[in-house]
Amino acid sequence: MARLNRKIIASTLPETLIAMLIISIAFAISISVYISVVSSADYYQKQYIHQLLNKIAMEVKNGNPQEIKEFDGLVIRSNLQPYQNNERLNVLHVVALDQEDHKIAEQKEIIYLDQWQEE
Amino acid sequence: MRKLILSRKKIKASALFYALTVALLMSIFMSAVIFLADINGFHFSNLELREQLLLNAHSGINILRASNDNPTSELDLFGDANDYVKLTKKQWGLFEVGVSKAYVGDYQLTRSAQFGYTPLDRTIAIYLADNNKPLSLSGHTFVKGTVYLPKAGVSRAYIEGQSFIGKQLIEGNIQQSNKILPEINKSLVQYNLNRLDGIQNNIPIEEWPDTLTRSFSGESAILYSDEPIIIDQKYKGNIIIGSDSKVTVSNQAQLEDVLIYAPEIEIQDRFNGNLQLFASRSIQIGQQCHLSYPSAVCLLANTSPAPFIRISQRAIIDGIVLVYQVNKNKEDPLLSIEQDALLKGQVYVDGALELKGSVYGNVICSKFLLRTPSSIYENHLLNATIDYSKLSPHYVGSGLLASQSEKKIVKWLD
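These protein sequences, in sequence, are chains D and A. Our numbering runs 15 ahead of the 1-based position in the first sequence. Our numbering runs 61 ahead of the 1-based position in the second sequence.
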């Protein structure tokens, strides 16, 4: 049997147990903080909804109006209303609603109705 | 015995140390995650606010586009006391500039746009006033588009040893023109005449900076001198340059969106920039100059001898060239477009047009003039090109004519 000449770095059992306990606690706290940060900050969802609203608004401006569209459990409604009786101007209103019909986000803009949009 | 051995052999134990280090690193990492999440949230809410301001500012620009009246000072866009815009509109040379300042709470954002008008009929190549003389074509002259000609019509001519070379004289419809040119927008001309007659200086000549950028949301910077001036500086935006005698623009100058008013204006060879020029005596555009879209070269002629515009060889002008006679009793002003010069846009000449280069767009003129070493010919074109189809379908001109079609955005300014 070979004999070791070098010193072996090792820990005692209670030390190892305490270390494991500290790491577990730290890891548990970290995960809970990370999850709470990610879930509480709803800007990821907001960003997504924001992009959807922009996309729908762009489709309407390109002459492809769709009143209701559904995306991942969200309902996006868009409508065009004349603005102050001006035949060239319209208010484009795009709203995102959840499944309970609660408004999550909206976007309003006055758009100019080009001739090609009328055709 | 065993106790003795253990006391002699010390075993290094560092698990606790490592555990604390890892815990510390994890806490630093998590702090960074929380910090980044916070920054991201802040950034997103800023972005959201900015986007709302941008939409409101664009809405304001659309309101300005749809209306010809002077805008109300402050407007609650949707009547919800949340989205306000402040709208202003002003004349900028041959174009209009609209400024929309959007407010939400303490935040604000400004956008400004230059407005113009699409030509009523894009397919017009020539409108030649009926002065009882036919239009005569010779050499490699090419005309494409609808042409409005005198009752005498169009004919071939043999000039300087060159007869007409081509399959047909006009590639397009021929209609009869009137004795007078289509009516010009007099208020637009008058506005620029007033500017030409008197400009109030607001920056003394000794304080003229080498570089100046001025937003359209504020007052114009007016650089005026009663002496001849040479411009070799870098100016951009809401800036008006004027002189009581002559303005020379060096090819070292970098000018964008700038207006120049002077009796005489000279643009040196190989200048590149975006300008609107207004003169009463003469405008000379040097060789290989490029005045980019939307530029304007305007002669508001009220002096004698005959005022003129000369566009030299290989110069390119994207925009509008206007020659207007303030006093009809004086000698006809002249627009001379030399060989290989190119004009992309609209040409309106209340006077004579000598065309040896090309026009991609439409030409409205009282008469054509052709000067050769041996003679002067009226209503003759030699080796000239007028082609409406080579003008971009997205071209937007100015409200030059009294009858215009739809107002459009020419360009976003700031």
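Just so you know, even glycine gets a beta-carbon here, dropped at the ideal spot from N, CA and C.
Residues of its chain near residue i, where Cβ-Cβ distance is below 7 Å and the 5 sequence neighbours each way are ignored
i, result
"A:I231", "V204, V208 and V215"
"A:L416", "I398, F429, L442 and A445"
"A:A463", "E244, I245 and N246"
"A:L336", "L316, V319, I321, L352 and S356"
"D:Y127", "R103 and L104"
"A:I122", "G159, S161, R172 and A174"
"A:L110", "V165 and Y168"
"A:I291", "T309 and S311"
"A:I95", "none"
Bridge partners - residue i, DSSP secondary structure assignment
i, result
"A:C350", "DSSP, once it has assigned bridges, lists no residue as partnering A:C350."
"A:E327", "A:T309 and A:Q345"
"D:V110", "D:R92 and D:E121"
"D:I126", "D:N105"
"A:E157", "A:Q152 and A:F176"
"A:T446", "A:F203 and A:S419"
"A:E439", "A:L430"
"A:S197", "A:S216 and A:H441"
"A:S286", "A:S304"
"A:Q315", "A:K295"
"A:I425", "A:Y188 and A:Y409"
"A:I321", "A:I302 and A:L338"
"A:N333", "A:H351"
"D:L36", "DSSP, once it has assigned bridges, lists no residue as partnering D:L36."
"A:Y456", "A:Y456 pairs with nothing; no bridge assigned."
Of the residues the options, the one placed nearest residue i, counting alpha carbons only
i, options, result
"A:S373", "A:D401, A:I245, A:L414 and A:L85", "A:D401"
"D:E124", "D:Y98, D:H117, D:D116 and D:K118", "D:Y98"
"A:V146", "A:L97, A:D130, A:V158 and A:S120", "A:S120"
"A:I226", "A:P265, A:S199, A:K247 and A:I235", "A:S199"
"A:I381", "A:L396, A:C359 and A:K389", "A:C359"
"A:E157", "A:V165, A:A142, A:S224 and A:S173", "A:S173"
"A:L431", "A:K451, A:Y409 and A:L395", "A:L395"
"A:D411", "A:N388, A:I378, A:T433 and A:V310", "A:N388"
"A:T202", "A:P211, A:D191 and A:Q229", "A:Q229"
"A:A367", "A:L414, A:K297 and A:T272", "A:L414"
"A:I328", "A:I437, A:G347 and A:I290", "A:G347"
"A:T364", "A:R342, A:V408 and A:P434", "A:R342"
"A:L383", "A:L461, A:Y456, A:C350 and A:N440", "A:L461"
"A:G166", "A:A127, A:I185 and A:N107", "A:N107"
"A:Y219", "A:V457, A:A80, A:S436 and A:F369", "A:S436"
Contacting residues, own chain, Cβ-Cβ under 8 Å from residue i (five flanking each side not counted)
i, result
"A:Q169", "L114, K162 and A163"
"A:K150", "L125, N131, P132, E157, V158, G159 and V160"
"A:S466", "Y178, T179, P180 and L181"
"D:E121", "L68, H108, V109, V110 and A111"
"A:K194", "P211, A213, K428, E439 and N440"
Same chain, Cβ closer than 6 Å to residue i, neighbours up to 5 away in sequence not counted
i, result
"A:L254", "L361"
"A:R371", "Q345 and S397"
"A:Y421", "K405, D448, K451 and L452"
"D:W131", "Low per-residue confidence applies at D:W131: pLDDT is 47, beneath 50, and the placement is therefore not dependable enough to give any value."
"A:S419", "L403 and T446"
"A:I301", "S281, I283 and L320"
"D:H108", "N94 and K123"
"A:D258", "none"
"A:S134", "none"
"A:K472", "Q175"
"A:I326", "V308, L338, A340 and I344"
Any non-hydrogen atom of the ligand NAD closer than 7 Å to residue i Cβ
i, result
"A:I264", "The ligand NAD is absent from the structure shown, which contains no ligand whatsoever."
- Within the stretch 217-272 of chain A, ranges of the alpha helix (DSSP H) (whole runs, at least 4 residues): For secondary structure counted as the alpha helix (DSSP H) over 4 or more consecutive residues, the stretch 217-272 of chain A holds these complete runs in sequence order: 247-258.
- Would you list, in chain order, the members of the stretch 167-197 of chain A that have their beta-carbon closer than 7 Å to a beta-carbon of chain D? So nothing in the stretch comes that close.
- For the stretch 117-129 of chain A, which residues have a CB atom closer than 9 Å to at least one CB atom of chain D, in sequence order? From the stretch 117-129 of chain A, only N117, H119, S120, G121, I122, N123, I124, R126, A127 and S128 have a Cβ closer than 9 Å to chain D.
- Query: In chain order, which continuous runs of the beta strand (DSSP E) of length 3 or greater are located wholly inside the stretch 68-151 of chain A?
  - Reply: For secondary structure counted as the beta strand (DSSP E) over 3 or more consecutive residues, the stretch 68-151 of chain A holds these complete runs in sequence order: 135-137.
- Message: So if I threshold CB-CB distances at 9 Å, which residues from the stretch 329-356 of chain A count as touching chain D?
- Response: Those residues of the stretch 329-356 of chain A that come within reach of chain D (Cβ to Cβ, closer than 9 Å) do not exist; the list is empty.
- Item | Secondary structure, alpha helix (DSSP H): runs of 4+ residues fully inside the stretch 41-85 of chain D | Segments of the alpha helix (DSSP H) lying fully in the stretch 41-85 of chain D: 58-76.
- Give the residues from the stretch 73-85 of chain A that approach chain D closer than 9 Å (Cβ to any Cβ), ordered along the chain. Listed by position, the residues of the stretch 73-85 of chain A near chain D (Cβ gap below 9 Å) are K73, A74, S75, A76, L77, F78, Y79, A80, L81, V83, A84 and L85.
- Query: What residue ranges within the stretch 348-418 of chain A form continuous beta strand (DSSP E) runs of no fewer than 3 residues, ordered along the chain?
  - Reply: Secondary structure in the stretch 348-418 of chain A: the beta strand (DSSP E) runs of 3 residues or longer, each lying completely within the stretch, are 351-362, 369-372, 377-386, 395-398 and 403-416 in chain order.
- In chain order, which continuous runs of the alpha helix (DSSP H) of length 4 or greater are located wholly inside the stretch 168-192 of chain A? Runs of the alpha helix (DSSP H) inside the stretch 168-192 of chain A: none found.
- Message: Give me the subset of the stretch 146-168 of chain A whose CB atoms are less than 8 Å from a CB atom of chain D, sorted by chain position.
- Response: Cβ contacts with chain D: none found.
- Message: Please list, in chain order, the residues of the stretch 41-54 of chain D that have any C-beta partner in chain A closer than 8 Å.
- Response: Under the 8 Å Cβ criterion, the stretch 41-54 of chain D contributes A41, F42, I44, S45, V48, Y49, V52 and V53.
- Query: If you measure beta-carbon to beta-carbon, which residues of the stretch 386-414 of chain A are closer than 8 Å to chain D?
  - Reply: Those residues of the stretch 386-414 of chain A that come within reach of chain D (Cβ to Cβ, closer than 8 Å) do not exist; the list is empty.
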